[in-house]
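Colleague: Submitted below is the structure of interest, expressed as structure tokens.
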Amino acid sequence: MRILEINKFNFAKGGADRHFLDLVRMLRKNGNDAAVFSMDHSKNEESIWKKYFVSTVGYTGEFSIWQKIKGIFRMFYSFEAKRKINELLDDFQPDIAHIHNIYHQISPSILPQIKKRNIPIVMTAHDYKLICPDYLLRGENYGFWKFVTEKCFKDSFIKSFLVALESKFHKFLDIYDKNIDLYIVPSEFARNKLISNGIKENKIFILPHFIANQTNTALLNSNVVNAKNRYALYSGRISEEKGVDALINIFENIEGIKLYLAGESEDNFKIKKSANIKYLGYLNSNKLADRIKNAEIIVSGSRLPETFGLVALEAASFGKPFVGFNSGAYGEIIENGKNGFLVETKKDFIRVIKDIKNGRLKFNESEIRDLAIKKYDPSKYYGRIIGLFEKAKSVDSLRNIPRNLAEVK
């Protein structure tokens with residue numbers, strides 16, 4: 003099958019991007035012809051399709067004034083993206099287009115161009131941008147001005163105004179729903195959120211993420227080291243919204259186990275200096291695998307309504323227990339006492355970490371990994387998503403797809 007995979011980043015910036023890259027590799031490994039449409043970036047993986055990528059824009063300090071200004075206009079519509087997607091479609095002629103995150107850096111201006119060629123469009127919703135100006139659901143169900151005045155996006159009046167206006171504009175055009183044939187979500191929690199906010203129930207299907215073959219390879223190639231200090235590991239974006247400040251505060255109150263932070267610091271986040279906290283910075287996949295394999299626990303301080311919780315799945319794939327707050331879809335991955343623990347309060351978080359450290363709460367790493375492999379097997383995921391793509395070629399056939407694709411044998 004000729005599949006066009008579209009995501010704004012062609013490198014592992016976050017969980018959605020890692021899933022996108024893993025899926026492209028999976029599709030190609032199984033004999034499909036998969037092209038990529040993305041944004042040009044210095045960190046991108048090599049791609050034979052990069053001549054079609056849209057030019058770089060961004061909104062943080064590393065980008066030029068021109069790139070920021072251009073990025074503001076691209077939030078709403080991009081003539082460059084429209085032109086380049088048409089050039090790629092002329093060249094590649096896909097059977098289906100699979101959209102991931104396109105907000106801001108690409109824009110939905112590409113969707114009508116794909117649709118007018120009668121190419122089915124499937125979108126995986128990795129966050130809540132479809133239903134809320136803030137992709138983390140802050141200000142859910144707020145009116146325009148309340149969202150802006152409450153500074154729901156990045157704690158900024160101007161940024162909140164821009165994303166609220168962007169959302170209004172795209173809803174006025176109905177640019178997503180009238181062009182997308184089918185939505186994939188990785189959890190029941192995410193599906194219910196989309197339905198409650200107006201996305202048609204019969205267009206949304208649950209397909210949980212998978213354990214990538216790269217994770218298995220990294221596990222086999224990683225080194226087991228008798229670490230001098232026992233540690234819990236957080237990997238991901240180092241930012242307040244991900245609860246890193248909460249984690250630091252928690253581990254300052256625990257002796258005998260350190261907190262290691264792996265990832266790039268964002269939004270000028272200041273990491274508090276402490277003898278119990280170690281900042282590792284960005285780690286490539288092999289170095290991160292070493293750190294995960296030698297960690298005692300994988301942790302997250304996020305209270306955000308995650309659509310899935312890829313960090314919890316990554317922990318389980320290495321046989322490591324995951325400890326975090328009970329929010330979003332984490333409850334669909336973590337079974338308390340089996341593969342980790344979800345807590346409601348900071349006090350409970352500290353208690354669970356101490357119980358693990360002191361041996362009062364124990365986990366079997368082999369059982370954790372075996373459970374994850376059985377539930378999130380990549381070969382099963384591949385069969386399900388290809389079946390979905392095949393059915394998406396015929397709008398009438400969508401009526402026959404089970405609501406929860408995880409139920410498909």
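According to this note's numbering, the sequence shown holds residues 3 to 411 in order. Note that the Cβ used here is the ideal one computed from N, Cα and C, for glycine as well.
1. Taking all protein chains shown into account, decide if residue 176 is buried (16 or more other Cβ within 10 angstroms of its Cβ) or exposed.
2. Is it true that the CB of residue 322 sits closer than 9 Å to the CB of residue 300?
3. Using only alpha-carbon positions, find the residue among 22, 381, 94 that is nearest to residue 53.
4. Report the option in 107, 144, 37, 58 whose CA atom is closest to the CA atom of residue 92.
5. Quick one, are the C-beta atoms of residue 327 and residue 298 less than 9 Å apart?
6. Closest to residue 253 by C-alpha separation, out of 237, 155, 276, would be which residue?
7. In whole angstroms, what separates the C-alpha of residue 180 from that of residue 359?
8. Report buried or exposed for residue 227, applying the criterion of at least 16 other Cβ atoms within 10 angstroms of its Cβ.
9. Among the candidates 342, 355, 396, whose CA atom is the shortest distance from the CA of residue 374?
10. Please list the segments of the alpha helix (DSSP H) lying wholly inside the region 289-329, counting only runs of 4 or more residues, in order along the chain.
11. Alpha carbons only, please: which of 207, 213, 261 is nearest the one belonging to residue 231?
12. In whole angstroms, what separates the C-alpha of residue 151 from that of residue 141?
13. Under the rule that 16 or more other beta-carbon atoms within 10 Å means buried, what is residue 7, buried or exposed?
14. Classify residue 198 as helix, strand or coil using the three-state DSSP reduction.
15. Find out if the Cβ-Cβ distance for the pair residue 263, residue 240 is shorter than 9 Å.
16. Can you tell me which of the three DSSP states residue 338 falls into?
17. Considering only residues of the same chain and omitting the five flanking positions on each side of residue 363, which have a CB-CB separation below 7 Å?
18. Which residues mark the beginning and the end of the beta strand (DSSP E) in which residue 100 is found?
19. What's the C-alpha gap between residue 121 and residue 145?
20. Quick check on residue 175: does DSSP put it in helix, strand or coil?
21. With the cut-off set at 9 Å, would you say residue 302 and residue 245 are in Cβ contact?
22. Is the CB-CB distance between residue 59 and residue 115 below 9 Å?
Modeller: Taking the coordinates as given:
1. The C-beta of residue 176 has fewer than 16 other C-beta atoms within 10 Å across all chains shown, which makes the residue exposed.
2. Yes, the pair counts as a contact, with Cβ atoms nearer than the cut-off.
3. Per the Cα distances, 94.
4. For residue 92, the nearest C-alpha among the options comes from 37.
5. At a Cβ-Cβ threshold of 9 Å, residue 327 and residue 298 do not count as neighbours.
6. Closest option to residue 253, Cα to Cα, is 276.
7. Counting only the Cα atoms, residue 359 lies some 53 Å from residue 180.
8. A caution first: residue 227 carries a pLDDT of 48, below 50, which makes its placement in the model unreliable, though a value can still be read off. Here residue 227 is exposed. Its C-beta has fewer than 16 other C-beta atoms within 10 Å.
9. Minimum Cα distance to residue 374 is reached at 342.
10. Within the region 289-329, the runs of alpha helix (DSSP H) at least 4 residues long that lie entirely inside it are, in chain order, 312-319.
11. When each option's Cα is compared against that of residue 231, the closest is 261.
12. One C-alpha to the other measures close to 11 Å.
13. Classification for residue 7: buried.
14. Note: residue 198 maps to helix in three-state DSSP.
15. The answer is yes: Cβ separation under 9 Å.
16. Three-state result, residue 338: strand.
17. Beyond the five residues adjoining it in sequence on each side, residue 363 comes within less than 7 Å, by CB distance, of 354, 357 in the same chain, given in chain order.
18. For residue 100, the enclosing beta strand (DSSP E) starts and ends at 98-101.
19. If I take the Cα positions, the gap works out to 35 Å.
20. In the structure shown, residue 175 sits in a helix (DSSP, three-state: H, G or I).
21. Cβ distance < 9 Å, so residue 302 and residue 245 count as in contact.
22. Contact: no.
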